[in-house]
Each structure stands twice: as C-alpha cells, then as structure tokens.
Amino acid sequence: MKKEEYQKLVSEYTPKENKWKNAALSFFVGGLVGFIAELIALILQNSFGLEVTESYSWVCVIMIFFASFCTALGFFDNWVSKCKAGLFLPTTGFAHSVTSTALDYRKDGFITGLGSSFFKLAGSVILYGIISAFFLSILGVIIYG
Amino acid sequence: MILINAFLVSGLFCLAAQILMDNTKLTPGHITSLFVVLGALLSFFGLYSKLIEYGGAGATALISNFGHMLYLGGIEGFHEIGILGFASGLLVKSSLAIVSAVVFAFVLALIFKPKN
Numbered sequence: 103m104k105k106e107e108y109q110k111l112v113s114e115y116t117p118k119e120n121k122w123k124n125a126a127l128s129f130f131v132g133g134l135v136g137f138i139a140e141l142i143a144l145i146l147q148n149s150f151g152l153e154v155t156e157s158y159s160w161v162c163v164i165m166i167f168f169a170s171f172c173t174a175l176g177f178f179d180n181w182v183s184k185c186k187a188g189l190f191l192p193t194t195g196f197a198h199s200v201t202s203t204a205l206d207y208r209k210d211g212f213i214t215g216l217g218s219s220f221f222k223l224a225g226s227v228i229l230y231g232i233i234s235a236f237f238l239s240i241l242g243v244i245i246y247g
Numbered sequence: 015m016i017l018i019n020a021f022l023v024s025g026l027f028c029l030a031a032q033i034l035m036d037n038t039k040l041t042p043g044h045i046t047s048l049f050v051v052l053g054a055l056l057s058f059f060g061l062y063s064k065l066i067e068y069g070g071a072g073a074t075a076l077i078s079n080f081g082h083m084l085y086l087g088g089i090e091g092f093h094e095i096g097i098l099g100f101a102s103g104l105l106v107k108s109s110l111a112i113v114s115a116v117v118f119a120f121v122l123a124l125i126f127k128p129k130n
C-alpha cells in the first residue's frame, strides 16, 4: 500500500468531530468559567471587603484548587475531553495538567517519576511564557520607557 | 454588567482556541502555549489591562493572564531595581499560580491514586 493510500484510509477512519458542537460547547463552558470566577470575585469583594486585584488572586487559587481536586478524584479528565477548550484554556487547564502528570508518574518514584515528569505538560506554558515575556518586557521598557 | 462581560471575554477566548484546534493539527499543549504568548503580546500593547477592566475575573481566569502577569512582573522589576529586575521580577506576580498549582498537585498526588 502506498503512503498516500494509507493516509487516506487513516483519515477515513479517524472519527469526525462535530466542529460546530465543539465550538458552541467551548464558548458556553469557557464563558461559564469566567462567569463563576467573576461571581466569586464579587462575593469576595462585597462580603469580605477584599481589593479587586486581591479578589482575583483568590479566585485564581480557588480555581486551581478546584481543578486539581477534581482531577485527583478522577472526573476532571472526562470533563476536559468533553468540554475541550472551555476547560483547558482557563487556569483550570494548567492545574489539571500538573495534577494529572503528578498522579500518573508517581508510580515511577518520587525523583525519577514525580519529580522529573512534574512539568511534562505544563512546562511548555512556563517556558514560552517566560521567554516571550522576558524579551517583550525589555522591548516594552525600550519603547514606552 | 460585569458578569456578562466576564462570560463574553472568557467564552470568546475559549471559542477562538477551540476553532483553532479543530481546524489545525495543534494539540491543547500548543494552544495553551500560544495563548500565554498571546497574553504577553496583548499586555505589551496595553490591551490586556483593558480586557481585565472590561471582563474582570473572566479575563484573569484565562491562561493568557499568565503571560500578562509575567510581562508586568518584568516591567515592575525594571522600575524597581533596573536591568536585573527583568530577571528577578519576571516571576513575582505569576508565582501565585505556579506555587499553588505545584503545592496542590504534589499534596494531592501523595493522597490520591490515579484512576483509569
């Protein structure tokens, strides 16, 4: 069998995902995450008298804890595979990737497994975030002063 | 109403990410890295602060906020102690997200077993 024929066969049998459904679900779930985040922030501001930026920091920690906890309990994986970008684009996705690798690689030992694989998925976010922000902040200081 | 704005900002970012993922061969890892860089870029053009003003926690809940925080950290570091500040200040603001994710993940990995 030639390579092109094989490619064609593979693409025929790859399950077609409904793009419209995915897009609508991502918009709705992602929006809901933002809505709940803002709701918690408003509650923190009004009931606990926190400053706006401080309330956002607390929301961030709460979301990370929630996502990590649900990942550890085992049902966040299903949610992410159903809701896709709606859940992996918010900070919940970052927490999910760290916690799921930590859980998966713990069996290989604390140093060679958990330690060395901890940032296997989240590492690229940190790496490219730092690289881009480092050079952009230097450029920003040069341009804007 | 800021709650609706938060819904719109967060929802539209996720929608853009999903459309990008469905029409290219990029994985979630590619998309999140791309959106962090996008966050830093928007911050560079002064747009991310406006997005936070408009959408509140809907904008800070996104992974792009990580890039924004890194950029702001670098700028603030420079204004505090000069050139060294680019390196020493870069992670200051985003330390919250990284440290809390690391601590929760580690402690939970000690307590729970993976379920498949």
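So the sequence lines, in the order shown, correspond to chains H and B. Each residue of the first sequence is one higher than the one before, counting from 103 in the working numbering. Each residue of the second sequence is one higher than the one before, counting from 15 in the working numbering. Ideal Cβ placement from N, Cα and C applies to all residues, glycine included.
Go ahead and pull the three-state DSSP assignment for residue 76 of chain B.
strand
Roughly how far, in whole angstroms, is the beta-carbon of residue 57 of chain B from the beta-carbon of residue 22 of chain B, given that I think they are within contact range, below 8 Å?
Contact flag wrong, Cβ pair sits at about 20 Å.
Pick from H:140, H:130 and H:157: whose alpha carbon is nearest that of residue 110 of chain B?
H:157
Whole angstroms are fine: how far does the CA of residue 149 of chain H sit from the CA of residue 108 of chain B?
26 Å
Please report whether the beta-carbon of residue 244 of chain H lies at a distance below 8 Å from any beta-carbon of chain B.
no
Could you give the DSSP three-state label for residue 192 of chain H: helix, strand or coil?
strand
Mind pulling the chain B residues with CB within less than 7 Å of residue 230 of chain H?
Under a criterion of Cβ atoms nearer than 7 Å, the residues of chain B adjacent to residue 230 of chain H are, in order, 47, 50 and 51.
Just to confirm, are residue 84 of chain B and residue 104 of chain B a CB contact at a threshold of 8 Å?
Less than 8 Å separates the beta-carbon of residue 84 of chain B from that of residue 104 of chain B.
Is it a yes or a no for the stretch 41-48 of chain B touching the stretch 129-148 of chain H, going by three-plus beta-carbon pairs under 8 Å?
no
At 3 residues or longer, and completely inside the stretch 197-244 of chain H: list those beta strand (DSSP E) runs for me, N to C.
none
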